[in-house]
Amino acid sequence: MTAKAPRWAWALTGSGHYFTESIEIIRALRDVDLFISAAAEEVLRMYKQDKEPLPAETQVFRDNSASSASIGRFYHGEYHTLVVSPASSNTVAKAVLGISDTLVTNCFAQAGKCRVPAIVFACDSMPEMITEAPEGPVPVYPRRIDLENTARLKTFEATVVAETLEELRRAIARRRAELAAGAATRPHPLPAT
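If you count the sequence shown from 1, you need to add 13 to reach my numbering.
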């Protein structure tokens, strides 16, 4: 019996910042298992992303058990990369503090413990932003603590933090190239922009 090739693990949080674009990347990526937080379930409906089907091979895990049993897949080598996108300020803060009390924060913690590289699209990364709410674009002003947590997350081993949609796309493309070349599992930091 041949072992299945490792897949992408993608965790969705309750942030609406580039939520639709994250779903589009998932649909194009293939070989993705989706981990959906309770808040992301609500956002899927608000942004009407729960109607279009995901690729047939996508497994979906929901935040519906205290132990998050589905994250055990990280221990068995089923994932080569974790993507958390979009990552809400709540998720980033918990990740920075080592709190793993949700499906998404458990995924991040277990990926780190299993040396599975992570790419995190931190939503609160600039002092002033325009984000797409269900009713249209709105200005957002992340707090100093949100920006500090994003900066702290950048210091985590085997973690790439994307601050823009373009950086997220580049990080995924870079990781795909590493995987295709059979390169080491650790992702490279994003170049300064």
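For every residue, glycine included, the Cβ atom is placed at its ideal position computed from N, Cα and C.
Since we're looking at a predicted model, the values are computed, not measured.
Where residue i sits in the DSSP three-state scheme
i    : result
F134 : strand
F87  : helix
E141 : coil
S102 : helix
R188 : helix
W21  : strand
D159 : helix
A193 : helix
T118 : helix
R165 : helix
R183 : helix
A146 : strand
A171 : coil
M14  : Note that M14 scores a pLDDT of 36, beneath 50, so its modelled location is shaky and nothing firm can be said.
Y60  : Because Y60 carries a pLDDT of 48, less than 50, the predicted location of this residue cannot be relied on, and the following value inherits that uncertainty. Residue state, collapsed to three classes: coil.
Residue i versus the options, residue with shortest Cα-Cα distance
i    : options                : result
S138 : P150, S113, P99, I38   : P99
I185 : R43, G29, E145         : R43
Y31  : T177, A18, T118, T168  : T177
S102 : A18, L25, E191         : L25
E161 : R183, A194, A190, A135 : A135
S8   : A69, R187, W21, V97    : Any answer about residue 8 is impossible in this case: the structure gives the chain only from 14 up to 206.
R128 : K17, A106, H89         : H89
D114 : T172, I132, I143, D76  : D76
N119 : S28, P130, F48, R156   : F48
A193 : H93, A175, I36, P147   : H93
A108 : V133, S35, E91         : V133
R20  : K126, L95, E34, A146   : L95
L116 : E37, F74, K126         : F74
K167 : E70, Q72, V105         : V105
E180 : A18, I38, K17, A124    : I38
A5   : A69, D159, A146, E54   : Residue numbering for the chain in the displayed model covers 14 to 206; residue 5 lies beyond these limits and cannot be assessed.
T71  : I36, A124, A52         : I36
A18  : E91, F87, E54, S28     : E91
Span of the beta strand (DSSP E) around residue i
i    : result
I112 : Run containing I112: none; DSSP gives neither H nor E here.
G149 : 149-153
R75  : 72-75
V45  : 45-49
N-terminal and C-terminal residue of the alpha helix (DSSP H) that residue i is part of
i   : result
A32 : Checking the displayed sequence, the identity of residue 32 turns out to be Phe instead of Ala. Looking at the DSSP string, the run of the alpha helix (DSSP H) that includes F32 is 32-42.
- Message: With three or more C-beta pairs closer than 8 Å as the rule, is the region 80-94 touching the region 144-154?
- Response: no
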